[in-house]
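These notes are about the structure you will find just below.
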Amino acid sequence: MNPGIGHDKVQPFPQPDPATVSEKAAVKFKPSLQIHGACHPYPAVNAVGETSDGLKGTGELDGHCKGSGLGSQVYGRSGWHKDLWAIMYSWYFPKDMHYSMIGIRGRRHDWVSTVVWLDNPALEKPKILAVSTSTTNGEYDIVKDGPPSCGRWSSDPPFTVYINGTSPMLKYRTGGASAGTSLALTTERFGEFQDLVMWEQLTEEARGPLSEADFGEKAKVPFIDANFNSNLEAVPVNATHSSTFASHFPGG
């Protein structure tokens, strides 16, 4: 395994032209990501397998990580799961900073991921049935297409307001002591796009070190072989019920 290098020295993979049905779907439904008071995403590994050293979890919330001059990266992996097509998108951050009772605290490295659930990528017009986002405790929240949940005083916005064309809109932001940084759907259309590289499009020299790298217990790479399927299983399919999604997703 190659040694780590500076977080701003990692050359991202250029986004390849999509050739297969799965690659075309991954590009079409690639989310936008808005950063709010937090570190920006960076490449985690280059073509020869050098991984990012990250940054110490100290200093300003976005200190020294406002974006790489070499370009950023979003990593993807897709496959069938319980009769639905799951596209996982993952971002790497050199550090994770948040407010606490005693000031700003942080740690080196962070990974977050979202899963876009489709009915079938081979259809002429695939439909987004749900979007799930990773949480700080290793679980996933999910929002499904269908009637919004309504309470006595308020109701959730309709699912469609989270989608800009075919792109889910996400926000990565700094939270409080209990929440840390978080990833969630947003209705604000100010996000950016990063070059997408799928798992199978990475070089073998990159896949190996990325699978073996130790980014810490709270920053496991979401899409490597050891974690991909278990992360899909972590999606709470019984939450935020919608009849549209339930008809496709057993247990939903």
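Residue 107 in full-length UniProt numbering sits at position 107 of the sequence shown; the count goes up by one each step and never skips.
We put the CB at the ideal spot given by N, CA and C, even for glycine.
Bear in mind the structure is a predicted one, so any value in this text is a computation, not a measurement.
To which residues does DSSP link residue i through a beta bridge?
{"i": "residue 185", "result": "170"}
{"i": "residue 113", "result": "90"}
{"i": "residue 254", "result": "The requested residue 254 does not occur in the structure, where the chain is confined to residues 1 to 252."}
{"i": "residue 150", "result": "155"}
{"i": "residue 17", "result": "None, per the DSSP bridge assignment."}
{"i": "residue 84", "result": "81"}
{"i": "residue 108", "result": "95"}
{"i": "residue 141", "result": "133"}
{"i": "residue 229", "result": "Bridge partners of residue 229: none, in fact."}
{"i": "residue 36", "result": "173"}
{"i": "residue 164", "result": "167"}
{"i": "residue 100", "result": "103"}
{"i": "residue 217", "result": "Looking at the DSSP assignment, residue 217 forms no beta bridge with any residue, so it has no partner."}
{"i": "residue 76", "result": "89 and 198"}
Could you check the C-alpha separation between residue i and residue j for me, to the nearest Å?
{"i": "residue 302", "j": "residue 225", "result": "With the chain covering 1 to 252 only, the question about residue 302 has no answer from this structure."}
{"i": "residue 238", "j": "residue 133", "result": "Note on residue 238: pLDDT 49, under 50, position unreliable in the model; the coordinate value appears next. The straight-line gap from Cα to Cα measures roughly 15 Å."}
{"i": "residue 122", "j": "residue 59", "result": "47 Å"}
{"i": "residue 138", "j": "residue 90", "result": "14 Å"}
{"i": "residue 142", "j": "residue 92", "result": "21 Å"}
{"i": "residue 28", "j": "residue 215", "result": "30 Å"}
{"i": "residue 157", "j": "residue 205", "result": "44 Å"}
{"i": "residue 9", "j": "residue 41", "result": "13 Å"}
{"i": "residue 154", "j": "residue 147", "result": "14 Å"}
{"i": "residue 207", "j": "residue 57", "result": "26 Å"}
{"i": "residue 73", "j": "residue 7", "result": "13 Å"}
{"i": "residue 159", "j": "residue 223", "result": "26 Å"}
{"i": "residue 250", "j": "residue 102", "result": "Unreliable positioning characterises residue 250 in this predicted model, as indicated by a pLDDT of 38, which lies under 50. The coordinate reading is nonetheless provided below. Approximately 45 Å between the Cα atoms of the pair."}
{"i": "residue 228", "j": "residue 198", "result": "13 Å"}
{"i": "residue 235", "j": "residue 131", "result": "10 Å"}
{"i": "residue 104", "j": "residue 124", "result": "48 Å"}
{"i": "residue 67", "j": "residue 213", "result": "22 Å"}
{"i": "residue 35", "j": "residue 164", "result": "17 Å"}
{"i": "residue 16", "j": "residue 200", "result": "11 Å"}
{"i": "residue 115", "j": "residue 152", "result": "30 Å"}
{"i": "residue 63", "j": "residue 100", "result": "17 Å"}
{"i": "residue 217", "j": "residue 202", "result": "24 Å"}
What does a CB cutoff of less than 6 Å around residue i pick up in its chain, not counting 5 residues either side in sequence?
{"i": "residue 232", "result": "81 and 86"}
{"i": "residue 11", "result": "46 and 70"}
{"i": "residue 219", "result": "109, 110 and 111"}
{"i": "residue 166", "result": "28 and 29"}
Which term fits residue i, buried or exposed, when burial requires 16 or more other beta carbons within 10 angstroms of its beta carbon?
{"i": "residue 247", "result": "Its pLDDT being 37, under 50, residue 247 is placed unreliably in this model, and the value from its coordinates should be taken loosely. Exposed."}
{"i": "residue 54", "result": "buried"}
{"i": "residue 190", "result": "exposed"}
{"i": "residue 31", "result": "buried"}
{"i": "residue 107", "result": "buried"}
{"i": "residue 252", "result": "Low local confidence applies: a pLDDT of 37 at residue 252 is under 50, so the model's placement there is unreliable, with the coordinate-based value given in what follows. Its Cβ being crowded by 16 or more others within 10 Å, residue 252 is buried."}
{"i": "residue 230", "result": "exposed"}
{"i": "residue 174", "result": "buried"}
{"i": "residue 20", "result": "exposed"}
{"i": "residue 52", "result": "buried"}
{"i": "residue 150", "result": "exposed"}
Does the separation of the CB atoms of residue i and residue j fall below 8 Å?
{"i": "residue 65", "j": "residue 43", "result": "no"}
{"i": "residue 172", "j": "residue 33", "result": "yes"}
{"i": "residue 169", "j": "residue 185", "result": "yes"}
{"i": "residue 61", "j": "residue 76", "result": "no"}
{"i": "residue 113", "j": "residue 97", "result": "no"}
{"i": "residue 195", "j": "residue 18", "result": "no"}
Kindly list the residues whose CB is nearer than 7 Å to the CB of residue i, restricted to its own chain and excluding five residues on each side of it in sequence; keep chain order.
{"i": "residue 126", "result": "25, 118, 119 and 120"}
{"i": "residue 192", "result": "32 and 33"}
{"i": "residue 22", "result": "78 and 121"}
What residues in its chain sit with their C-beta under 8 Å from that of residue i, if we drop five residues either side in the sequence?
{"i": "residue 161", "result": "187"}
{"i": "residue 211", "result": "221, 224, 225 and 226"}
Would you say the beta carbon of residue i is closer than 7 Å to some non-hydrogen atom of the ligand GTP?
{"i": "residue 170", "result": "Among the ligands in the structure shown, none appear at all, so the ligand GTP cannot be discussed."}
Return no unless some Cβ of chain C is closer than 8 Å to the Cβ of residue i.
{"i": "residue 74", "result": "The structure shown contains no chain C; it is built from a single protein chain."}
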